Each structure stands twice: as C-alpha cells, then as structure tokens.
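Undergrad: Handing you this structure, nothing more for now.
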Amino acid sequence: TATDAAPLTLTDVRKTYLARGREPFEAVKGMSMDIRPGELIALLGPSGCGKTTTLRMIAGLETVTSGAIAIGDRQVQDLPPGKRDIGVGFESYALYPPLNVRENLAYGLKARRVRGAARQVDQLAARLEMSDLLDQRPASLSSGQKQRVALARALIRNPRVLLLDEPLSHLDAAQRQRVRRELKVLQREFGYTTIVVTHDQLEALSLADRMAVMNAGVIEQFGTPDEIYDDPANMFVADFVGEPKINLFEGTAVRRSGGTVVRAGRDGRLAAYAPAATDGQAVTVGLRPQDARPAHDDEPALAARVVVYEDFMEFGLATLEVPGVDGRIVAQLPHGVRWRRGETRRIAARPDRVYLFDTETGTRIR
Ligand code: ATP
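The letter at position 349 of the sequence shown is residue 354 when you use the UniProt record's numbering, and the numbering goes up by one with no holes.
Below you can see the structure in the form of structure tokens.
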C-alpha cells in the first residue's frame, strides 16, 4: 500500500496570534525544515513552544502569518485543509458518532472504492490492538481507545503526509510501548512522510528519523536522534534531551598545547575537546550522567563526595558533591560499581563527551 511519498518543505513559517485587547503573540518564529519523502520527523519541546501551532498550519487548520509550506512541488499554505492531501490524527476525536468503529474506519476506503476494505480494517485493527473495539460506537470509547481509533483512521486514509499530535499520550505505559513500535512499522510500510508532535523525549528518540527540538517558537536543533543526543548544539537541547538530566556547572577553560582542560570548583579538572575555547574563558560545562565514569589515577578528574548511591541493578546512580561546584552532580555507573555515602571518589569522562557552552548565550563551544 505504499503511496508516492512526498517531501514536505517549510520555509520561514511564522505565526502571530492576534487577540482583541492583547498584544500580538508570535508563537512560531520562522520555522524552516526540509523533510524527505517517507521520513518520520518528531517535533519535541516543552509545553507552549509552538509544536501544535506548527502542525495545525501544515494541516491548514490555522493560517500562516508568513512563509511557505510545500508538499512535493505544490505550495499548499493557501489551500483549504481538504485540498492538501494530509492525514491528521488529532482532530480525530471527530469520528462519526452514529457509525461504529469498523464503519468509521471503512468509510474513507469505501469512498475511494478500495478493494478488500473490510480485510484491511481488520488487519490494521489487530496491529493497533483494537480488534475488540470494532463493533463499538465512538461514544463508548475511553480516551486511549479513541486515540488508537484516530491513529487507525489517519493511517488508513492513504495521505501523502501524515500529522500526529501526541498520538500515544492516553495509553498506559505497556500499551504505549507496543503501539509505538507498531506505529513505526506501519509508517515504514505505508511510506508516509510523517510528523509526530510529542513532549516525550523517549518517544521522539525512538520513533524519529530526525527530530526538531523546539523552544519558544524556534527550532533549536534539527537532526537525527544520535546528533541531538551526542552532539547538542546548545545548552537548551543538552538540558532538554537526556534522562537523567545532563549535569551543568560553571567552569573555566584552560588551553594547553595538549588540548583543553576545564577547571571547576576548588580543584576539579576535566579534559575537554573544544578547540574553539579561549584560555581563561568562563564556560558552562555539560556532563551527561551516562558519560561520567570512575577516573584513572593519572587523568584530570573531579573529586566528589558521595551524597547517595542508588542501585538499579543494571546500573547505579551516584549523587555527588564537588567542593566549590554549585548543585549536585549525578553519575550513572556500571553495574557492580557500588559507591557508598560519604566516600570521596574521582570522576572523569571522555574529552569529547565533556561539552562546553557559552554561559551567556548557551551556544556550544567546540
Ligand atoms: P503543548 O505541548 O502544551 O500543546 P505546544 O508546543 O503545542 O504546547 P502551541 O499549542 O502551539 O504549543 O502554543 C504555542 C503558544 O501559542 C502558546 O503560548 C499558546 O498559549 C499560544 N496560542 C496557541 N493558540 C493560540 C490562540 N488561538 N490564540 C492566542 N495564543 C495561542
């Protein structure tokens, strides 16, 4: 059932909301994205950053204030929603109340005179774990059930572009994991160019070919999950993506012929790979808990007092205090490293995993 997948291009798209008696509010401030045919893109960001507004502009449910949206080589920003060939899984709860779920799903297929519609509906329902819902009316469904029906309906309509807004948010944890996996398989099979809005970073990291991390109406970084996680462009992205959260603390760059070392706290030091840092520059250091490790004897390190050690069997989390460093530092340690409260331990990390940021602007120094 693969469609002719289309590229989707956003060029400097902006949205200013105007409400009577209020200042104009710019919710989306110049979004540009080149999305390849069949790609699955996640829009990730905190509440209010403009994710839903972006999706609604692409769908045609919201006008663009300026900028262009193209599907293939067709400009669509001035077309009504029905003329854009886009499937949406979010106004979704808009199922026809008098029809049962089976009829709701088959409706679009029948209209297009698709052969084997009944079988297609049954197969899709089985894969989204909703076979038992087919004979029910929309009114009797829970929010999680409605969500799976909405997803099925968006998928079965055979659009050139598929837009999903928090498609799994009402599912419980176990079902969410299974439906997420199936969604990815189905998206590959159908080949739709897809955008999924989510504020769940695991969902974004696991689903997406590429993801756009948004903040206050702008894209902070657009890249593969690996690029976003391993090579964050700035402090916002480093802080937003990663669990447990990245450690951020103040330091000073010291340039030597051998490379860069950052000093932190009273006598802490970490080797960093950051050729662009200048000697004596005040920086914010970013160290992911997963990248911190026990230091070797002869390498620069942070000496830290263990405040608490939590054993999760597969790994341990040490919460540490480094003299002179504000706040605590968390290190995720391999199984078997059992540090005790009150001990002093030395931690270090691979130099290319010690990120330096401009403290003022948040920009990465590399
Ligand atoms: P969430 O994850 O909470 O859904 P979001 O990233 O999807 O957030 P949007 O819903 O796109 O964010 O909203 C972006 C900003 O625009 C918010 O500050 C919101 O208050 C504002 N906004 C959204 N719709 C309107 C509207 N119709 N009129 C005025 N302001 C609006």
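Yeah, the Cβ is synthetic: ideal placement off N, Cα and C, and Gly gets one too.
Model, not experiment: these values are computed from the prediction.
Going by C-alpha to C-alpha distance, which of Ser37, Arg107, Leu114 and Leu156 sits closest to Arg185?
TA: Counting from one through the sequence shown, the residue named residue 185 turns up at place 180. Ranking the options by Cα distance to Arg185, first place goes to Leu156.
Undergrad: Sorry if obvious, but does the Cβ on Phe30 come closer than 7 angstroms to a heavy atom of the ligand ATP?
TA: In the sequence shown, counting from the first residue as 1, residue 30 sits at position 25. Under cutoff, so the answer is yes.
Undergrad: Mind checking whether Leu191 and Leu160 have CB atoms under 8 angstroms apart?
TA: As a first step, residue 191 must be located in the sequence shown, where it is residue number 186. As a first step, residue 160 must be located in the sequence shown, where it is residue number 155. Taking 8 angstroms as the Cβ cut-off, Leu191 and Leu160 qualify as a contacting pair.
Undergrad: Quick one: what does DSSP say residue 380 is sitting in, helix, strand or coil?
TA: As displayed, the chain neither begins before 6 nor continues past 371, which places residue 380 out of reach and without an answer.
Undergrad: In this structure, how does DSSP classify Gly87 when only helix, strand and coil are distinguished?
TA: Numbered from 1 along the sequence shown, position 82 holds the residue referred to as residue 87. DSSP places Gly87 in helix when its eight states are reduced to three.
Undergrad: Return yes when the C-beta of Thr57 is under 7 angstroms from any heavy atom of the ligand ATP, and no when it is not.
TA: Indexing the sequence shown from 1 puts residue 57 at position 52. Flag set: Cβ of Thr57 near the ligand ATP.
Undergrad: Tell me whether residue 380, by its Cβ, gets closer than 7 angstroms to a heavy atom of the ligand ATP.
TA: Since the first residue of the chain shown is 6 and the last is 371, residue 380 is not available in this structure.
Undergrad: Out of Val166, Ala130, Ala217 and Asn163, point me to the one whose CA is closest to Lys151's CA.
TA: Position 146 of the sequence shown, counted from the start, is the residue given in the question as residue 151. Residue Ala130 is the option with its Cα nearest to Lys151.
Undergrad: Give me the DSSP bridge partner(s) of Thr14.
TA: One-based indexing of the sequence shown puts residue 14 at position 9. Its beta-bridge partners are Asp39 and Ala75.
Undergrad: Ends of the alpha helix (DSSP H) at Arg181?
TA: Along the sequence shown, read from residue 1 onward, the residue named residue 181 stands at position 176. Residues Ala178 to Phe195.
Undergrad: Pull up the DSSP beta-bridge partners for Ala269, would you.
TA: As a position in the sequence shown, residue 269 is number 264, starting the count at 1. Note: Ala269 sits in a beta bridge opposite Gly273.
Undergrad: Can you tell me where the alpha helix (DSSP H) with Thr366 in it begins and where it stops?
TA: On the sequence shown, position 361 is the one that residue 366 refers to. Unbroken run through Thr366: none, as it is neither H nor E.
Undergrad: Count the other CB atoms within 10 Å of the CB of Thr349; is the residue buried (16 or more) or exposed (fewer)?
TA: Here residue 349 refers to the residue found at position 344 when the sequence shown is read from its first residue. Exposed: under 16 other Cβ atoms inside 10 Å.
Undergrad: Cα separation between Arg165 and Leu104?
TA: Position 160 of the sequence shown, counted from the start, is the residue given in the question as residue 165. Position 99 of the sequence shown, counted from the start, is the residue given in the question as residue 104. Near 26 angstroms, if we compare the C-alpha coordinates of Leu104 and Arg165.
Undergrad: What three-state label does DSSP hand Thr6 in the structure shown?
TA: The residue labelled residue 6 in the question sits at position 1 within the sequence shown. Note that Thr6 has pLDDT 44, beneath the 50 cutoff, so the model's placement of it is unreliable and no number is given.
Undergrad: Exposed or buried, what is Gly285 when buried is set at 16 or more other beta-carbons lying within 10 Å of its beta-carbon?
TA: Sequence index remark: in the sequence shown, residue 285 carries index 280 (1-based). Result: exposed.
Undergrad: Quick one: Cα of Thr6 to Cα of Ala323, how far?
TA: As a first step, residue 6 is located in the sequence shown; it is residue number 1 there, counting from the start. As a first step, residue 323 is located in the sequence shown; it is residue number 318 there, counting from the start. Any reading at Thr6 is ruled out, since the residue's pLDDT is 44, under 50, leaving its predicted position unreliable.
Undergrad: Can you list, in chain order, the residues of its chain whose CB lies under 6 angstroms from that of Arg371, leaving out five sequence neighbours each side?
TA: For this step, residue 371 is matched to residue 366 along the sequence shown. Around Arg371: Ala279 and Ala281.
Undergrad: Expressed to the nearest angstrom, what Euclidean distance is found between the alpha-carbon atoms of Ala354 and Leu207?
TA: Mapped onto the sequence shown, residue 354 falls at position 349. Mapped onto the sequence shown, residue 207 falls at position 202. So the two alpha carbons sit approximately 24 angstroms from each other.
Undergrad: Would you check if the distance between the CB atom of Ile74 and the CB atom of Val18 is smaller than 8 angstroms?
TA: If you number the sequence shown from 1, residue 74 lands on position 69. If you number the sequence shown from 1, residue 18 lands on position 13. Yes; because the gap between Cβ atoms is below 8 angstroms, this pair is in contact.
Undergrad: If I measure Cβ to Cβ from Val81 and keep anything under 6 angstroms in the same chain, skipping five residues before and after, which residues do I get?
TA: Here residue 81 is taken as the residue at index 76 of the sequence shown, counted from 1. The answer, listed in chain order, is Ile74 and Arg89.
Undergrad: Taking only the alpha-carbon atoms, compute the straight-line gap between Ala308 and Phe241 and give it to the nearest angstrom.
TA: The residue given as residue 308 occupies position 303 in the sequence shown. The residue given as residue 241 occupies position 236 in the sequence shown. Looking at the two C-alpha atoms, the distance is approximately 27 angstroms.
Undergrad: Less than 6 angstroms between C-beta atoms, sequence neighbours within five positions excluded: which residues of the same chain meet that for Val267?
TA: Stepping through the sequence shown from its first residue, residue 267 is reached at position 262. Excluding residues within five positions, the ones whose Cβ falls inside 6 angstroms are Gly256, Ala258, Leu275, Ala277 and Val290.
Undergrad: With DSSP as the reference, please indicate the residues paired to Thr57 in a beta bridge.
TA: On the sequence shown, residue 57 is found 52 positions in, with the first residue counted as 1. The partner list for Thr57 (beta bridge, DSSP) is empty, contrary to what the question assumes.
Undergrad: Return the chain-ordered list of same chain residues with a C-beta closer than 7 angstroms to the C-beta of Arg107, the five sequence neighbours on each side being excluded.
TA: Along the sequence shown, one-based indexing puts residue 107 at 102. Taken in chain order, the residues that qualify are Val126, Leu139 and Asp140.
Undergrad: Taking 7 angstroms as the cut-off, is the C-beta of Gly50 nearer than that to any heavy atom in the ligand ATP?
TA: Here the question's residue 50 lines up with position 45 in the sequence shown. For the ligand ATP, at least one heavy atom lies less than 7 angstroms from the Cβ of Gly50.
Undergrad: Nearest CA to the CA of Pro339: which residue from Arg118, Ser262, Glu319 and Asn252?
TA: Within the sequence shown, residue 339 is the residue found at index 334, counting from 1. Minimum Cα distance to Pro339 is reached at Glu319.
Undergrad: Select from Pro85, Leu110 and Ala47 the residue whose C-alpha is nearest the C-alpha of Thr199.
TA: Reading the sequence shown from its first residue, position 194 is the one you call residue 199. Ranking the options by Cα distance to Thr199, first place goes to Ala47.
Undergrad: Report the partner residues of Asp316 according to the DSSP bridge assignment.
TA: Counted from its first residue, the sequence shown places residue 316 at position 311. Looking at the DSSP assignment, Asp316 forms a beta bridge with Gly321.
Undergrad: Under 8 angstroms, do Ala238 and Tyr360 count as touching if we go by C-beta distance?
TA: The residue labelled residue 238 in the question sits at position 233 within the sequence shown. The residue labelled residue 360 in the question sits at position 355 within the sequence shown. No, Cβ-Cβ distance for Ala238 and Tyr360 is not below 8 angstroms.
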